Amino acid sequence: AGNYHTCGITTDNMVVCWGANSSGESTVPPGDVRFTQVNAGNNHTCALTTDTTVVCWGSNFLKQIETTPSDNFAQVSAGNSRTCGLTTKNTLTCWGHHSSRQTNPPGTDVIQVSVGYLSGCVLRRDGTLSCWGDNEGRATAPPGRFSHISDSLYHTCAIRTDGTLACWGSNHHNAATPPLEEQFVDVSVGSFHTCGVRRDGTLACWGLTGTPPLGKFTQVSSSDENNCAITDKGALTCWGARALVPPPGNFTDVSIGEGHACAIRADGTLACWGSTQYGETPSLPSTETFLRVSAGTDHTCAIRTDGTLACWGRNDKQQASPPSGMFAEVSAGVDFTCAISAWGEEHCWGGNHARTPLLPPAVVIEPTTLSAGAHHLCAIQTDGSVRCWGDNTYGQRTAPTDGTYTHVSAGAKHNCAVRTDGAVVCWGDTTFGQAPSVVNGPFRTVSAGTRHTCAQRPNNLVVCWGNTTFDQATVSDQLFLQIETSQDYSCGLSPGGFVACWGRNSLGQTSPPDVSFAQISLGRDFGCGIRTTDRKLQCWGNRFHGQGLGVEHPDNTAAPFQSVAAGDAHVCAITATTGTVFCWGWDEDGQVSLLPAGSHTMLSLGHDYSIARRTDTTLACWGATDVCTALP
Numbered sequence: 009a010g011n012y013h014t015c016g017i018t019t020d021n022m023v024v025c026w027g028a029n030s031s032g033e034s035t036v037p038p039g040d041v042r043f044t045q046v047n048a049g050n051n052h053t054c055a056l057t058t059d060t061t062v063v064c065w066g067s068n069f070l071k072q073i074e075t076t077p078s079d080n081f082a083q084v085s086a087g088n089s090r091t092c093g094l095t096t097k098n099t100l101t102c103w104g105h106h107s108s109r110q111t112n113p114p115g116t117d118v119i120q121v122s123v124g125y126l127s128g129c130v131l132r133r134d135g136t137l138s139c140w141g142d143n144e145g146r147a148t149a150p151p152g153r154f155s156h157i158s159d160s161l162y163h164t165c166a167i168r169t170d171g172t173l174a175c176w177g178s179n180h181h182n183a184a185t186p187p188l189e190e191q192f193v194d195v196s197v198g199s200f201h202t203c204g205v206r207r208d209g210t211l212a213c214w215g216l217t218g219t220p221p222l223g224k225f226t227q228v229s230s231s232d233e234n235n236c237a238i239t240d241k242g243a244l245t246c247w248g249a250r251a252l253v254p255p256p257g258n259f260t261d262v263s264i265g266e267g268h269a270c271a272i273r274a275d276g277t278l279a280c281w282g283s284t285q286y287g288e289t290p291s292l293p294s295t296e297t298f299l300r301v302s303a304g305t306d307h308t309c310a311i312r313t314d315g316t317l318a319c320w321g322r323n324d325k326q327q328a329s330p331p332s333g334m335f336a337e338v339s340a341g342v343d344f345t346c347a348i349s350a351w352g353e354e355h356c357w358g359g360n361h362a363r364t365p366l367l368p369p370a371v372v373i374e375p376t377t378l379s380a381g382a383h384h385l386c387a388i389q390t391d392g393s394v395r396c397w398g399d400n401t402y403g404q405r406t407a408p409t410d411g412t413y414t415h416v417s418a419g420a421k422h423n424c425a426v427r428t429d430g431a432v433v434c435w436g437d438t439t440f441g442q443a444p445s446v447v448n449g450p451f452r453t454v455s456a457g458t459r460h461t462c463a464q465r466p467n468n469l470v471v472c473w474g475n476t477t478f479d480q481a482t483v484s485d486q487l488f489l490q491i492e493t494s495q496d497y498s499c500g501l502s503p504g505g506f507v508a509c510w511g512r513n514s515l516g517q518t519s520p521p522d523v524s525f526a527q528i529s530l531g532r533d534f535g536c537g538i539r540t541t542d543r544k545l546q547c548w549g550n551r552f553h554g555q556g557l558g559v560e561h562p563d564n565t566a567a568p569f570q571s572v573a574a575g576d577a578h579v580c581a582i583t584a585t586t587g588t589v590f591c592w593g594w595d596e597d598g599q600v601s602l603l604p605a606g607s608h609t610m611l612s613l614g615h616d617y618s619i620a621r622r623t624d625t626t627l628a629c630w631g632a633t634d635v636c637t638a639l640p
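Take the sequence shown: its position 174, counted from the start at 1, is 182 in my numbering, and no numbers get skipped.
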């Protein structure tokens, strides 16, 4: 839905719109054109046709219609006065108004955004930061890799992957001087103070602030002179110059503004309290549930459970007028707001006085397009379609032909893929319910194991289905940046880089080391990951064939590595400097020793074969010949 109009697609793929029509935003162009997706913006609408072109109609005041490109697209999103689309070649393209608060498309895989008064920062999946705006020492982010970011009026703080803090910007009252050597799991900055949750759950605050309460906590939120935190029991406590008395109950997320605060209860409903001057504390429907909330100075934005945004409060700069679409993160500032879409793109709206984000222009987005199953292989082609090769005993080679897809995962005897509408489509063996035909989304990625499947939502929550003999499909409400499944167990990579595993633990496969990883991959009964600190490999679980040697293996001297993949009982990794492939472990069919020459960018391993994509996009396959010879 747009601000004042709504559009939908009928069962025969026609677009129907209703509501406001002052600029023709609800007047669908005539003709027998069929559509697969429609997105309503502020006063214009764009839709994706069945031949993957984009058609837009409505207001053209800021050239959001006449500049529509002729490329082929897999997804389109219409904003207030600008439109962005993901092409079938995996590039992000935007057209229309390019105000200073509507950013250039950021780097790939943005996972968190935090905005202050005249600045903002984004955190990418690889742990790097990009900041923009007020350049009093804050537009230039520090080097290193991080897991969390918090920006405010005068300074910024971020948690490194080792748990220590980095702060920069104004240091009035020592607000940007964090404790040395201490490790944190959460941090929030106010105007002249900062508070953080240590790894042991206790609170630490520094700068112009009062003494924090004692006890164990999971989250803290700070604003101008106030703070609120959630205890390890789910209760809220607030303190500061104008302490806001919180409501009772159990809560999972809290955010505090200048004179109001909002928090999400355990059942997903939202509670707001404090100032009502600008409508900051509305009466929300008891049936509406949320995943994330962010309170700005006088306005608040929250992400509903369906991924859409809701904003309320002061709206003089349109800071409470969010775009349509699905979102994973949101951050409300003084008079503008930024959010991260389900596809990792940043969108900002509201006040225009801050300068353009220092982010690169349109970039190539490389989702996982190559996935090896036990004896078959699947890939997403440049037109968004899925194609599979190899064994077809269980129909795992019979890929869906309807729609386009953004992510595919090949399991032992089944496959699942994420369609551009966010639904998961599966095919192949479904003896244990691991391959239902459709699982309604929205989802961002999917991982098919042996007898179960897990999928990641845009907000990084994980849903699993299939066999539960070893609780491998029983997942907590923890957030994961990456989800991996294998034979009777699963592992997830947390925002801090630490791995959590569940399911069968016969050989230590669900007992990962307590170190920070940038990426992980699971074999039959072992796992391997690239460490964040030195980009070397470390493995856990079964080592019978040498597949789990990790840091002890001589090939680890080739670090730093850019990616790692685990097969049934062998491991391969690609170096970050030259793209060279190294492998070790079980080698009965040459899946380890018959290495290809040249530079490579993507890697996936099956039961007894390995496959990699070269930098020229051609494929190299080695090991068992039944799959490799089936490739075109």
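Just so it is clear, CB atoms sit at the ideal spot from N, CA and C, and this is done for glycine as well. Just so you know, these numbers come straight off a predicted model, no measurement behind them.
Look up residue i in the DSSP assignment and give the residues it is bridged to.
i, result
"residue 120", "131"
"residue 533", "In DSSP, residue 533 forms no bridge with anything."
"residue 572", "581"
"residue 259", "273"
"residue 320", "308"
"residue 247", "235"
"residue 507", "501"
"residue 267", "Its beta-bridge partners do not exist; DSSP assigns none."
So what's residue i in DSSP terms, helix, strand or just coil?
i, result
"residue 337", "strand"
"residue 634", "helix"
"residue 565", "helix"
"residue 600", "coil"
"residue 369", "Note on residue 369: pLDDT 28, under 50, position unreliable in the model; the coordinate value appears next. Correct three-state label for residue 369: coil."
"residue 383", "coil"
"residue 180", "helix"
"residue 559", "helix"
"residue 451", "coil"
"residue 51", "coil"
"residue 283", "coil"
"residue 354", "strand"
"residue 423", "strand"
"residue 164", "strand"
"residue 22", "coil"
"residue 159", "strand"
"residue 190", "coil"
Check whether the Cβ atoms of residue i and residue j sit closer than 8 Å, and answer yes or no.
i, j, result
"residue 216", "residue 183", "yes"
"residue 275", "residue 227", "no"
"residue 23", "residue 43", "yes"
"residue 54", "residue 28", "no"
"residue 46", "residue 16", "yes"
"residue 358", "residue 335", "no"
"residue 268", "residue 289", "yes"
"residue 432", "residue 419", "no"
"residue 426", "residue 454", "yes"
"residue 412", "residue 390", "no"
"residue 253", "residue 278", "no"
"residue 614", "residue 575", "yes"
Report buried or exposed for residue i, applying the criterion of at least 16 other Cβ atoms within 10 angstroms of its Cβ.
i, result
"residue 39", "exposed"
"residue 26", "exposed"
"residue 250", "exposed"
"residue 550", "buried"
"residue 368", "Reliability of the predicted coordinates at residue 368 is poor, the pLDDT of 29 falling under 50, and the value obtained from them is presented with this limitation in mind. By the 10 Å Cβ count, residue 368 comes out exposed."
"residue 19", "exposed"
"residue 405", "buried"
"residue 530", "buried"
"residue 446", "exposed"
"residue 51", "buried"
"residue 21", "exposed"
Can you name, in chain order, every residue of its own chain whose Cβ lies under 7 Å from the Cβ of residue i, other than the five neighbours on each side?
i, result
"residue 154", "131, 135, 137, 166, 167, 168, 169"
Apart from the five residues just before and just after residue i, which ones in its own chain have a Cβ nearer than 8 Å to its Cβ?
i, result
"residue 76", "54, 62, 63, 64, 91, 103"
"residue 476", "460, 482"
"residue 324", "343"
"residue 207", "171, 191, 192, 193"
"residue 128", "121, 122, 139, 140, 141, 159, 339, 341, 346, 356, 362, 365"
"residue 312", "296, 297, 298, 299, 318"
Got a sec? Which residues, its chain only, sit under 6 Å from residue i by beta carbon, not counting five neighbours each side?
i, result
"residue 618", "580, 599, 630, 631"
"residue 634", "none"
"residue 361", "With a pLDDT of only 39 at residue 361, under 50, the local geometry of the prediction cannot be trusted, and the value read off the model is given with reservation. Contacts found: none."
"residue 504", "155"
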